[in-house]
Amino acid sequence: MGKNINIGVIGYGYWGPNLVRNFVETPGAQVKTVSDFKPELLAKVQARYPNIQVTTDCQDIFNDPKIDAVAIATPVSTHFDLALAALQAGKHVLVEKPMTVSSEQAMQLIEEAEKRNLVLMVDHTFVYTGAVRKMRDLVVTNVIGDIYYYDSVRVNLGLFQHDVNVIWDLAVHDLSIMDYILPSQPYAVSATGMSHVPGEPENIAYLTLFFEGNLIAHIHVNWLAPVKIRRTLIGGSQRMIVYDDLEPSEKVKIYDKGITVNGNTESLYQMLIGYRAGDMWAPHLEVTEALRTEGLHFINCIQTGDRPITDGQAGLRVVRILEAATESMKKQGQLVELNIAGVAV
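In the working numbering, the protein residues as written are 5 to 349.
Structure, rendered in structure tokens:
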């Protein structure tokens, strides 16, 4: 471990307090300054962390030579300008999801970070949970076999966003999880959605993502549901996974269930489908808070020069899908091909 990394946090609204709390507790990190344009929020910082400086002008963070890195927790429309300014000031950057509002902006941030040899990391928080990391292990070690489908439901009543639709707010979580655990990238997306509040973005949407081979993914997101559901099914040729993020303990369950196809597959009448129903087990999961794991990873990447798991390229891949899904939704589900050529997976 090298010297402590001094961090400036921009935005102390919904997510900023979580970032500050975790970086305060992260070995090798020290929160030096928090910026927000609302003085009442900065008063909360001063009350809880009297040693942390506060400012209503984020330029103070960019101009401070003692600050090594900047964490950005502001509305997505501001991500690009703030992250670019931080990189141009020589600061490493951790930016909240989604990375930017367009792939062009994302590519510009990646180029700026690479040019200056700085760490650019996207806060795809779920990637750092014990549950998602365990699912990736199950996929990588071929425990579930060939993946047939990824099916996710992420719904609740609110919080309605005014600057982005439900895809950019909720589906971004599942897209980042898929990007991390699935062995391939989708080549096309179809999306449908609807707004039930005049003048506001879509509050319900369905995404279908197509992959080479017989892998398919489906994501249902909704701000207008009577209950909160966070459930994902992953079907494989050997086993199947149920991931329920609202479960207090057994968030991941593995089922030894599936089908076997016997006989002559060219003849429908000679084909026999057998059903396998074995045991279910719930593996032990790492219980460390995801943001703490993520914070440690960010600091380690700054100190060692390693590439983050959720680097700028990961953020770009997710933004490209969000863009394509939004385009498809405007065309009532028309298939939109993804421009993923040349993107590092």
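Glycine included, C-beta positions come from ideal geometry on N, C-alpha and C.
DSSP beta-bridge partners for residue i?
| i | result |
| --- | --- |
| L233 | Going by the sequence as given, residue 233 is Ile instead of Leu. According to DSSP, I233 bridges with V159. |
| F214 | A192, I220 |
| W285 | I258 |
| D249 | None; D249 has no bridge partner. |
| S39 | I14, T59 |
| Q34 | N10 |
Taking its Cβ as the centre, do 16 or more other Cβ atoms sit within 10 Å of residue i, making it buried, or is it exposed?
| i | result |
| --- | --- |
| K95 | buried |
| S81 | exposed |
| I65 | buried |
| E44 | exposed |
| Q122 | Checking the sequence, you will find Leu at residue 122 rather than Gln. With 16 or more Cβ atoms within 10 Å of its Cβ, L122 is classed as buried. |
| N3 | Because the chain here runs from 5 to 349, residue 3 falls outside it and cannot be looked at. |
| V193 | buried |
| D141 | exposed |
| P187 | exposed |
| E204 | exposed |
Alpha carbon to alpha carbon, how far is residue i from residue j?
| i | j | result |
| --- | --- | --- |
| Y247 | G262 | 17 angstroms |
| G12 | R137 | 28 angstroms |
| D283 | D260 | 5 angstroms |
| P21 | I76 | 12 angstroms |
| A93 | E100 | 19 angstroms |
| M244 | L237 | 7 angstroms |
| V347 | Q338 | Low confidence applies to V347: its pLDDT is 40, below 50, so where it sits in the model is not reliable enough to give any reading. |
| S180 | L342 | 16 angstroms |
| V340 | M182 | 18 angstroms |
| V322 | P102 | 8 angstroms |
| N8 | E327 | 38 angstroms |
| P190 | A318 | 13 angstroms |
| L23 | D40 | 14 angstroms |
| I148 | I313 | 23 angstroms |
| E216 | T104 | 27 angstroms |
| P114 | A51 | Strictly speaking, residue 114 in this sequence is Ile, with Pro absent from that position. Roughly 37 angstroms between the two C-alpha positions. |
| I208 | T297 | 32 angstroms |
What residues in its chain sit with their C-beta under 6 angstroms from that of residue i, if we drop five residues either side in the sequence?
| i | result |
| --- | --- |
| V143 | I185 |
| Y210 | T196, H224 |
| Y152 | G239 |
Here's a check: name, in chain order, each residue in its chain whose Cβ is nearer than 7 angstroms to the Cβ of residue i, leaving out the five neighbours to either side.
| i | result |
| --- | --- |
| R234 | R158, D248, D249, L250 |
| A90 | F66, V74, V97 |
| H177 | F130, R158 |
| E331 | V340 |
| E254 | A286 |
Tell me which residues share the same chain as residue i and place their Cβ nearer than 8 angstroms to its Cβ, disregarding the 5 neighbours each side in the sequence.
| i | result |
| --- | --- |
| I71 | N10, I11, G12, K36, T37, I65, K95 |
| N160 | N226, W227, A229, V231, K232, I233 |
| Y18 | A77 |
| Y336 | With the sequence shown as reference, residue 336 is identified as Gln, and Tyr is not the correct amino acid for it. Cβ within range, chain order: T196. |
Open item on the list: I want to know whether the stretch 156 to 175 touches the stretch 191 to 199 - three or more CB-CB distances under 8 angstroms.
Closed with: yes
Task: At least 3 beta-carbon pairs within less than 8 angstroms: the stretch 102 to 115 vs the stretch 26 to 35 - done: no
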